[in-house]
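Under UniProt numbering, the first residue of the sequence shown is numbered 1, with each subsequent residue one higher.
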Amino acid sequence: MQLNQVTKRFGAELILSDIKLEVQKNDRIAIVGRNGAGKSTLLKMMAGEISHDSGNIFKPKETTIGYLAQNTGLQSDKSIFEEMEQVFAGLKKLEAELRDMEAKMADPVLLNDQQKYEQLLSDYDKRQVNFKTSGGYQYEADIKAVLNGLNFSDKDWATPISTLSGGQKTRLALGKLLLSAPDVLILDEPTNHLDIDTLAWLEGYLQNYSGAVVIVSHDRYFLDKIVNTVYEIAFQSSKKYHGNYSDYLQKKEAEFELEMKRYEKQQAEIKRMEDFIQKNIVRATTSKRAQSRRKQLEKMDKLYKPKEDSQSAKFSFEVAKKSGNDVLKLRNLAFQYEEQGPSLFHDLNLDLSRGDSVALVGPNGVGKTTLLKTILGQLQVSSGDIKLGTNVEIGYYDQEQTILNPKKTVLQELWDEYPLTNEKDIRTVLGNFLFSGEDVLKPVSALSGGEKARLSLAKLMMQKANFLVLDEPTNHLDLDSKEVLEAALVDYPGTLLFVSHDRYFINKIATQVVEMQPDETRMFLGDYDYYAAKKQEEYELKKLEEQDRNEQSKNKEEPQAKDTFSQDKAAKRENRRRNRRIAEIESEIEAIEAKLEENDTALCDPEVFQDHEQTLAITEDNHQLNEKLEQLMEEWEELHED
Numbered sequence: 001m002q003l004n005q006v007t008k009r010f011g012a013e014l015i016l017s018d019i020k021l022e023v024q025k026n027d028r029i030a031i032v033g034r035n036g037a038g039k040s041t042l043l044k045m046m047a048g049e050i051s052h053d054s055g056n057i058f059k060p061k062e063t064t065i066g067y068l069a070q071n072t073g074l075q076s077d078k079s080i081f082e083e084m085e086q087v088f089a090g091l092k093k094l095e096a097e098l099r100d101m102e103a104k105m106a107d108p109v110l111l112n113d114q115q116k117y118e119q120l121l122s123d124y125d126k127r128q129v130n131f132k133t134s135g136g137y138q139y140e141a142d143i144k145a146v147l148n149g150l151n152f153s154d155k156d157w158a159t160p161i162s163t164l165s166g167g168q169k170t171r172l173a174l175g176k177l178l179l180s181a182p183d184v185l186i187l188d189e190p191t192n193h194l195d196i197d198t199l200a201w202l203e204g205y206l207q208n209y210s211g212a213v214v215i216v217s218h219d220r221y222f223l224d225k226i227v228n229t230v231y232e233i234a235f236q237s238s239k240k241y242h243g244n245y246s247d248y249l250q251k252k253e254a255e256f257e258l259e260m261k262r263y264e265k266q267q268a269e270i271k272r273m274e275d276f277i278q279k280n281i282v283r284a285t286t287s288k289r290a291q292s293r294r295k296q297l298e299k300m301d302k303l304y305k306p307k308e309d310s311q312s313a314k315f316s317f318e319v320a321k322k323s324g325n326d327v328l329k330l331r332n333l334a335f336q337y338e339e340q341g342p343s344l345f346h347d348l349n350l351d352l353s354r355g356d357s358v359a360l361v362g363p364n365g366v367g368k369t370t371l372l373k374t375i376l377g378q379l380q381v382s383s384g385d386i387k388l389g390t391n392v393e394i395g396y397y398d399q400e401q402t403i404l405n406p407k408k409t410v411l412q413e414l415w416d417e418y419p420l421t422n423e424k425d426i427r428t429v430l431g432n433f434l435f436s437g438e439d440v441l442k443p444v445s446a447l448s449g450g451e452k453a454r455l456s457l458a459k460l461m462m463q464k465a466n467f468l469v470l471d472e473p474t475n476h477l478d479l480d481s482k483e484v485l486e487a488a489l490v491d492y493p494g495t496l497l498f499v500s501h502d503r504y505f506i507n508k509i510a511t512q513v514v515e516m517q518p519d520e521t522r523m524f525l526g527d528y529d530y531y532a533a534k535k536q537e538e539y540e541l542k543k544l545e546e547q548d549r550n551e552q553s554k555n556k557e558e559p560q561a562k563d564t565f566s567q568d569k570a571a572k573r574e575n576r577r578r579n580r581r582i583a584e585i586e587s588e589i590e591a592i593e594a595k596l597e598e599n600d601t602a603l604c605d606p607e608v609f610q611d612h613e614q615t616l617a618i619t620e621d622n623h624q625l626n627e628k629l630e631q632l633m634e635e636w637e638e639l640h641e642d
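Printed below as a string of structure tokens:
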């Protein structure tokens, strides 16, 4: 597909102008830009959903296009599996014809007519080959793989689609589109309503997809994994960058800096020439030179100052007062919606200290938002204890924006919370969150998802709480607003507990990751990449252990195997055990060295080294850490010698 100088208006408003874009087979393209830049409009034009005003869109007739709009839900009275089978209606019809032909082959009357029988065999062979090459023996396995990948277990497949939630219907719409396998797959925010495991599956699926993929997404981790080309939509036009999303950011920044330097250099040259002309134009001896400079200045191709895309939100989170060192303790927490019903989670334990930044991850429906609401006291736990530390003040960000009053204006929503603050100061805060002029008089009910998110963040910032509990804070935010939020939270001096499916955001913010599963909750000391690496390591160890068990079982079944074979296997197992232990030791050493470095930095802090008790505690901690480090190094050397 090729777009050349495509323009689109809505009434008198120019949305897109001079758009140039090319889609080659196997391309992985991201369309990026601010909210309202026209990204979804561009996708709709490419999909043929809406027309363009001028320019050309070229597409070969045989090219098939699949389009998934934002929050599109599948509407059907069929069951999940039956609806997915509709994609393969042609193959099912061909399969029925083959079964019918097989029945005719067994007809004794036809067996006596050699010519008709041979003709039937010939037709059957052709159709069977067509059925096989079209994936006739594979389509049921493909349906099952996609449904499992999108987190629909086999016990759900008979469920009528009409009874599902909006998020589940959106996932099914995506699944049906993937199964149809068009030449160009156009996806507008496909990562909405997907948990982290499902996102990882979708990444793998799209990486191996045989056609081209064009995506609009606010999930930067997802874009980094998938795309090799980025088109930026800004100031109604498009610009192409090669590479993934992180490459695009670096190139864009370098490009802007270079253009700004060229502009500033030319401006300095223009000023120098103007000063020379002004000083010398009236002197008889230098007038000709001044006139010559004036002509040069008039002929000069003047550079425009590089434009930055529209204004970014500006904010930071502060705390009114410091909390105690212990912020939150959860002990043996359990929750169930019905008294006799199953537990959503149980035996959950968690400790948060001042300055921690903890990401809560896990599959949809495991109870992450419910846990946050129990900490806030909005829901009552079935059993267990929740203890908040000294001077802890909680600020809460609700992904559903239920804390906003739809009947109020933007200005009232913030001012009513802080009536003693001057209107000018309230308007300044709102201006920092991109609400300016008449925008502050808009009713909350008329705001977009992104605007409501910014207003909720403005309220949260004004609160100056020392413990922020955030439920999906990056939902509805454009890429630029996400980066501003990240910068504000990185510098936040309080404690953070947040739920997020945004792996890029988790990597930037989290110092610990808590994984909630139906049967257990586990903590990982690191960012998302560390968590993912540990999970992969555990998976590989589990596979090795299974392999070991299978080998042991096989050896028991074959007692005639030679002793040398058994010894060899035992040696390999022991070697694998040693290698696993070496990896564990290296990980522990790395953690200890990081802690020692952190302690040494703390000892250089005047507030710490002037506090005798704190200095003594850190020194004692260093002594214990060094002893442990020595033991680990000795064990590491012994294992390497073995």
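A virtual CB, placed ideally from N, CA and C, is assigned to each residue, including glycine.
Since the model is a prediction, treat every value here as computed from it, not as a measurement.
Beta bridge counterpart(s) of residue i as assigned by DSSP
| i | result |
| --- | --- |
| Q512 | V358 |
| V490 | Paired residue(s): none; V490 is not in a bridge. |
| K387 | K329 |
| L470 | Y397 and F498 |
| T7 | S54 |
| Y67 | I186 |
| E232 | V32 and K239 |
| Q2 | E22 and F58 |
| A47 | Its beta-bridge partners do not exist; DSSP assigns none. |
Given residue i as reference, the closest of the options once Cα atoms are compared
| i | options | result |
| --- | --- | --- |
| L278 | Q267, A268 and Q291 | Note that residue 278 is Gln in the sequence shown, not Leu. When each option's Cα is compared against that of Q278, the closest is Q291. |
| N56 | Q86, N507, L21 and T402 | L21 |
| S353 | L379, T511 and P443 | T511 |
| S382 | L150, N332 and G494 | N332 |
| L477 | E607, E338 and L434 | L434 |
| T305 | E597, S180, A583 and K265 | Checking the sequence, you will find Lys at residue 305 rather than Thr. Selected option, being the one with the closest Cα: K265. |
| residue 643 | L174, M516, G66 and L206 | For residue 643 there is no data in the structure shown, the boundaries of the chain being 1 and 642. |
| D519 | N349, L178 and L455 | N349 |
| V87 | Y418, Y396 and I143 | I143 |
| G90 | M45, N466, K61 and K132 | K132 |
| R581 | N71, V440 and E634 | E634 |
| I29 | V319, V213 and Y117 | V213 |
| A141 | K93, F276, L94 and E85 | E85 |
| R293 | T285, I270, L303 and K307 | I270 |
| W415 | L344, V440 and A254 | V440 |
| S237 | A106, Q5, M45 and V129 | Q5 |
| A145 | G384, L202 and L187 | L202 |
| K261 | I281, V129 and L303 | L303 |
Run of the beta strand (DSSP E) containing residue i, from where it starts to where it stops
| i | result |
| --- | --- |
| S237 | S237 to H242 |
| M523 | T521 to F524 |
| E22 | E13 to E22 |
| V214 | A212 to V216 |
Extent of the continuous alpha helix (DSSP H) to which residue i belongs
| i | result |
| --- | --- |
| H346 | Where H346 is concerned, there is no enclosing alpha helix (DSSP H), although the beta strand (DSSP E) it sits in stretches over F345 to S353. |
| A145 | Y139 to G149 |
| L206 | I196 to Q207 |
| L625 | H612 to E641 |
| D416 | Note, D416: premise wrong, no alpha helix (DSSP H); not H, not E. |
| R272 | Y245 to N280 |
| E62 | Unbroken run through E62: none, as it is neither H nor E. |
| T370 | K368 to L376 |
| S180 | G166 to S180 |
Beta-carbon proximity of residue i to residue j, cut-off 8 Å
| i | j | result |
| --- | --- | --- |
| A334 | D351 | no |
| L43 | R220 | no |
| G494 | L468 | yes |
| K482 | T474 | yes |
| residue 691 | A458 | Since the displayed the chain opens at 1 and closes at 642, residue 691 lies outside it and no answer follows. |
| K452 | L404 | yes |
| residue 716 | D195 | This structure leaves residue 716 out entirely; the chain is present only between 1 and 642. |
| I386 | T374 | yes |
| I50 | P182 | no |
| A313 | N432 | yes |
| K508 | E472 | no |
| K252 | Y241 | yes |
| F152 | A359 | no |
| K25 | I15 | no |
| E588 | L632 | yes |
| V32 | E232 | yes |
Using 8 Å as the threshold, is the region 92-112 in touch with the region 159-169, meaning 3 or more CB pairs across them?
Contact between the region 92-112 and the region 159-169 is absent: fewer than three C-beta pairs spanning the two stretches fall below 8 Å.
Specify whether the region 390-398 and the region 415-429 touch according to this definition: at least 3 beta carbon pairs, one from each stretch, less than 8 Å apart.
Judged by Cβ distances under 8 Å, the region 390-398 makes no contact with the region 415-429, as fewer than three pairs qualify.
Answer yes if the region 64-78 comes into contact with the region 172-190, meaning at least three C-beta pairs across the two stretches below 8 Å, and no otherwise.
Put simply, the region 172-190 touches the region 64-78. At least three CB pairs are less than 8 Å apart.
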